[in-house]
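*Asks:* Before anything else, here's the structure in question.
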Amino acid sequence: MLRRVAAVQGGPAIRQFCSLIHTRRSRETEMGLLKVDSTGIERALELTKRLRVLTGRTTFGAFLTRLVQYHIAEAVDNTKAGRLRADGAEIKKAMNKFGWKEAERPRFFQYLRQGRSWRSICQEHVGLLSLIPLKAEAPYGVSANDYLSMKGDELDTFAQMIDDPFIAGLAGAAAAFQDMVLGTRHDAVFVWEKSQPQLHTWESYMAEATLLDMLRPHPSYEDCCYDKKDFADAPKPPCWPKDWAWPMDPLEIPLPHKQCDLCDDANDCCCRRTKVIAARKPQIKSFGEQGVGLQALATHEGDLAYHKGDIIGQLTGRLVPKDSHPYNSLWIVEMRRFDLEGDPIVCQIDVGGPASTFRNLNHSCRSSARFIPRRASGRWIMAVEATRDVRHGEQITINFGKAFLRNQGIRCECEICHVPT
2 MLRRVAAVQG GPAIRQFCSL IHTRRSRETE MGLLKVDSTG IERALELTKR
52 LRVLTGRTTF GAFLTRLVQY HIAEAVDNTK AGRLRADGAE IKKAMNKFGW
102 KEAERPRFFQ YLRQGRSWRS ICQEHVGLLS LIPLKAEAPY GVSANDYLSM
152 KGDELDTFAQ MIDDPFIAGL AGAAAAFQDM VLGTRHDAVF VWEKSQPQLH
202 TWESYMAEAT LLDMLRPHPS YEDCCYDKKD FADAPKPPCW PKDWAWPMDP
252 LEIPLPHKQC DLCDDANDCC CRRTKVIAAR KPQIKSFGEQ GVGLQALATH
302 EGDLAYHKGD IIGQLTGRLV PKDSHPYNSL WIVEMRRFDL EGDPIVCQID
352 VGGPASTFRN LNHSCRSSAR FIPRRASGRW IMAVEATRDV RHGEQITINF
402 GKAFLRNQGI RCECEICHVP T
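The numbering used here applies: residue 2 is where the sequence shown begins, and numbers increase by one.
As structure tokens, then:
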């Protein structure tokens, strides 16, 4: 038992977790097809079919299988309505409805049994799925089968022994990653990918607190963050209406002014939630010399992910007064309001700290998107808008301009300018 507990918090487990993140950054790995919006038995059946497309005889494939098995069991058993297990007749009825052949059914029930075992092992720490060894490795020499073989009192003992803040922290970071794989959480870069990019092969000592800080996802904001204290001494932006308060959130649109560019409903508009925040978000992938970037995802391979003019999402960060940072500063985007005379800059968006995943957009001279201020549900947002049709698997890019790149000392590595050596 001691080896089982040690193996989920030792160096091999941490390297395995980081390696899964590193592998997922490949543009060829798992194209977001595990995102399933159905529920219950239907969700379990759909996950099973999609798993066949995604997995191969690789370590990452073994991880995906384990993850999907867990969620198949969760989806099925959440339909049991007080019974110990979901009714087998209900499962067979659903299989008949969706045209499952008899030869396909045994594998589903095998996945269901295995998934129930994973649920018994993980209990509230679902992130253990990323930490339990995918193969036996020194110095612990335990494999997944050593965990799956646990029964009764052994499971209780294991649960008691992993009741530890460090393991809980590891499992929490891993659970966030697993949610990203399943598409139930927006993709994010993990801190170690920028500060210690070789962590997936790291074998030196690192303090637990430092390690946990590195393993967390980069913090994010769903909407831009306004703090009145940051604007207490800031002058009013040019042409700020005399009857509007100051300081106030510089992106707020007081009534009766037009509230939204996406609809005409002035009172009950929810476009920011339903059309911007809920838009299908891209995945973070590695793009060679450009580093990490954003890859477009459609519902099905081969489809268009976005049509020209679609809002892909919004750039968010901390709002600071205009002129807080020099023009063309890295991680700073200036925000204009087109409803005020002269379209003045009213603030800057600082994306160097917590921000949306769109802080990871790369430059291209033949870009597929742009930053454009738009009104949405009573606020101005910095929308990310498709400037042409964008296909599934394509990188989403912005044209930052050659002057900006020169100012940052960055050489353009886009497909037009990059000359292979």
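Using N, Cα and C, we set each Cβ at its ideal position, and we do this for glycine too. This structure is a prediction, so every number in the text was calculated from the model and none was measured.
Under 7 Å Cβ to Cβ from Q291, same chain only, skipping five residues before and after it: list those, please.
*Replies:* Walking along the sequence shown from the start, residue 291 turns up at place 290. Result list for Q291: N363 and E414, in chain order.
*Asks:* Alpha carbon to alpha carbon, what distance is there between Y227 and T66?
*Replies:* On the sequence shown, position 65 is the one that residue 66 refers to. On the sequence shown, position 226 is the one that residue 227 refers to. The alpha-carbon atoms of T66 and Y227 are separated by roughly 42 Å.
*Asks:* Taking the continuous alpha helix (DSSP H) assigned at L68, which residues delimit it?
*Replies:* By 1-based counting over the sequence shown, the position of residue 68 is 67. Residues T60 to D78.
*Asks:* Going straight from the alpha carbon of L171 to that of P345, what length do you get?
*Replies:* In the sequence shown, counting from the first residue as 1, residue 171 sits at position 170. In the sequence shown, counting from the first residue as 1, residue 345 sits at position 344. Taking the straight line joining both Cα atoms gives about 46 Å.
*Asks:* Name the residue from V190, K276 and M383 whose alpha carbon lies nearest to the alpha carbon of F372.
*Replies:* Against the sequence shown, residue 372 aligns to sequence position 371. Ranking V190, K276 and M383 by Cα distance to F372 puts M383 first.
*Asks:* Bridge partners for T398 per DSSP, in chain order?
*Replies:* Position 397 of the sequence shown, counted from the start, is the residue given in the question as residue 398. Partner(s): N363.
*Asks:* Grab the span of the beta strand (DSSP E) containing A306 for me, first residue to last.
*Replies:* Locating residue 306 in the sequence shown gives position 305, counting from the first residue. Start and end: L305 to Y307.
*Asks:* List, from N- to C-terminal side, the beta strand (DSSP E) runs of 3 residues or more that fit wholly inside the stretch 272-309.
*Replies:* 284-287, 293-296 and 305-307
*Asks:* Quick one: what does DSSP say M249 is sitting in, helix, strand or coil?
*Replies:* Along the sequence shown, one-based indexing puts residue 249 at 248. Three-state result, M249: coil.
*Asks:* Within its chain, find whatever has a CB closer than 6 Å to the CB of I73; leave out the 5 residues flanking it on each side and keep chain order.
*Replies:* Here the question's residue 73 lines up with position 72 in the sequence shown. Result list for I73: A45, L48, Y112, L113 and G116, in chain order.
*Asks:* Under DSSP, the alpha helix (DSSP H) around C19 begins and ends at which residues?
*Replies:* Start at 1 with the first residue of the sequence shown, and residue 19 comes out as number 18. G12 to R25 is the extent of the alpha helix (DSSP H) around C19.
*Asks:* Can you tell me which of K286, V190, T358 and G343 puts its alpha carbon nearest to the alpha carbon of I313?
*Replies:* Mapped onto the sequence shown, residue 313 falls at position 312. Scanning K286, V190, T358 and G343 for the CA closest to the CA of I313 turns up T358.
*Asks:* Within the chosen definition, does the stretch 297-316 reach the stretch 201-221 through at least 3 CB pairs nearer than 8 Å?
*Replies:* no
*Asks:* Let me make sure I understand the geometry here. Which of R389, L295, I350 and V334 has the alpha-carbon closest to that of Y307?
*Replies:* By 1-based counting over the sequence shown, the position of residue 307 is 306. Considering only alpha carbons, the answer is R389.
*Asks:* Classify P134: buried if its beta carbon has 16 or more other beta carbons within 10 angstroms, exposed otherwise.
*Replies:* Within the sequence shown, the letter at position 133 stands for residue 134. By the neighbour-count rule (16 or more Cβ atoms within 10 Å), P134 is buried.
*Asks:* Which residues in the same chain as F99 place their Cβ atom closer than 7 Å to its Cβ, once the five residues preceding and following it in sequence are excluded?
*Replies:* For the purposes of this step, residue 99 is taken as residue 98 along the sequence shown, with counting starting at 1. L46.
*Asks:* Could you compute how far the alpha carbon of L130 sits from the alpha carbon of Q197?
*Replies:* The sequence position of residue 130 within the sequence shown is 129, counting from 1. The sequence position of residue 197 within the sequence shown is 196, counting from 1. Spanning the two alpha carbons is a distance of roughly 23 Å.
*Asks:* For W119, name the three-state secondary structure that DSSP assigns.
*Replies:* For the purposes of this step, residue 119 is taken as residue 118 along the sequence shown, with counting starting at 1. Correct three-state label for W119: helix.
*Asks:* Output the distance between the C-alpha atoms of C430 and I399, rounded to the nearest integer angstrom.
*Replies:* Any question about residue 430 goes unanswered here, given that the chain covers just 2 to 422.
*Asks:* Out of S27, L156, G379 and R4, state which residue places its alpha-carbon closest to the alpha-carbon of R338.
*Replies:* Residue 338 sits at position 337 when you count from the first residue of the sequence shown. Cα-wise, what sits closest to R338 is G379.
*Asks:* Can you grab the Cα-Cα spacing for the pair C270 / F159, in whole Å?
*Replies:* Reading the sequence shown from its first residue, position 269 is the one you call residue 270. Reading the sequence shown from its first residue, position 158 is the one you call residue 159. So the alpha carbons of these two residues sit roughly 50 Å apart.
*Asks:* Answer with buried or exposed for W245, where buried requires no fewer than 16 other C-beta atoms within 10 angstroms of its C-beta.
*Replies:* The residue labelled residue 245 in the question sits at position 244 within the sequence shown. When all chains shown are included, W245 counts as exposed.
*Asks:* Pick helix, strand or coil for H201, following the three-state DSSP scheme.
*Replies:* The residue labelled residue 201 in the question sits at position 200 within the sequence shown. H201 falls in the helix class under three-state DSSP.
*Asks:* Would you mind listing the alpha helix (DSSP H) stretches within the stretch 113-186 that are 4+ residues and don't spill past its ends, in chain order?
*Replies:* 129-132, 145-149, 153-162 and 166-183
*Asks:* Am I right that H219 and A189 are in contact with their C-beta atoms under 8 Å? What's the rounded C-beta distance?
*Replies:* Here the question's residue 219 lines up with position 218 in the sequence shown. Here the question's residue 189 lines up with position 188 in the sequence shown. About 5 Å separates the two Cβ atoms, so the contact holds.
*Asks:* Okay, do the stretch 273-283 and the stretch 6-17 touch, 3+ Cβ pairs below 8 Å being the bar?
*Replies:* Per the Cβ contact rule, the stretch 273-283 is not in contact with the stretch 6-17 (fewer than 3 Cβ pairs under 8 Å).
*Asks:* For G83 and L295, what's the separation of their Cα atoms in angstroms?
*Replies:* Here residue 83 is taken as the residue at index 82 of the sequence shown, counted from 1. Here residue 295 is taken as the residue at index 294 of the sequence shown, counted from 1. With a pLDDT of 47 at G83, under the threshold of 50, the predicted position of this residue should be treated as unreliable, and no value is reported.
*Asks:* Apart from the five residues just before and just after G410, which ones in its own chain have a Cβ nearer than 8 Å to its Cβ?
*Replies:* Here residue 410 corresponds to residue number 409 of the sequence shown, with the count starting at 1. Spatial neighbours of G410 in its own chain (CB-CB distance under 8 Å, excluding positions within 5 residues in sequence) are not present.
*Asks:* Do R26 and K286 have their C-beta atoms closer together than 7 Å?
*Replies:* On the sequence shown, residue 26 is found 25 positions in, with the first residue counted as 1. On the sequence shown, residue 286 is found 285 positions in, with the first residue counted as 1. Cβ atoms of R26 and K286: closer than 7 Å.
*Asks:* Classify L316: buried if its beta carbon has 16 or more other beta carbons within 10 angstroms, exposed otherwise.
*Replies:* Here the question's residue 316 lines up with position 315 in the sequence shown. Buried, since its Cβ has 16 or more Cβ neighbours within 10 Å.
*Asks:* Rounded to a whole number of angstroms, what is the C-alpha to C-alpha distance between N146 and E43?
*Replies:* One-based indexing of the sequence shown puts residue 146 at position 145. One-based indexing of the sequence shown puts residue 43 at position 42. Whole-angstrom Cα-Cα distance: 29 Å.
*Asks:* So, under 8 Å CB-CB, L305 and V385 are touching, yes? Tell me the CB distance rounded to an integer number of Å.
*Replies:* Within the sequence shown, the letter at position 304 stands for residue 305. Within the sequence shown, the letter at position 384 stands for residue 385. Actually they are not in contact, since the Cβ atoms of L305 and V385 sit about 16 Å apart, beyond 8 Å.
*Asks:* Which class does M96 belong to by DSSP, given the choice of helix, strand or coil?
*Replies:* Working through the sequence shown from its first residue, we reach residue 96 at position 95. If DSSP states are grouped into helix, strand and coil, M96 belongs with the helices.
*Asks:* Expressed to the nearest angstrom, what Euclidean distance is found between the alpha-carbon atoms of F401 and Y328?
*Replies:* Reading the sequence shown from its first residue, position 400 is the one you call residue 401. Reading the sequence shown from its first residue, position 327 is the one you call residue 328. Distance between the alpha carbons of F401 and Y328: 13 Å.
*Asks:* Classify G289: buried if its beta carbon has 16 or more other beta carbons within 10 angstroms, exposed otherwise.
*Replies:* For the purposes of this step, residue 289 is identified with residue 288 of the sequence shown, where counting begins at 1. Its Cβ having fewer than 16 others within 10 Å, G289 is exposed.
*Asks:* Across which residues does DSSP place L406 in a beta bridge pair?
*Replies:* Within the sequence shown, numbered from 1, the residue matching residue 406 stands at position 405. The partner list for L406 (beta bridge, DSSP) is empty, contrary to what the question assumes.
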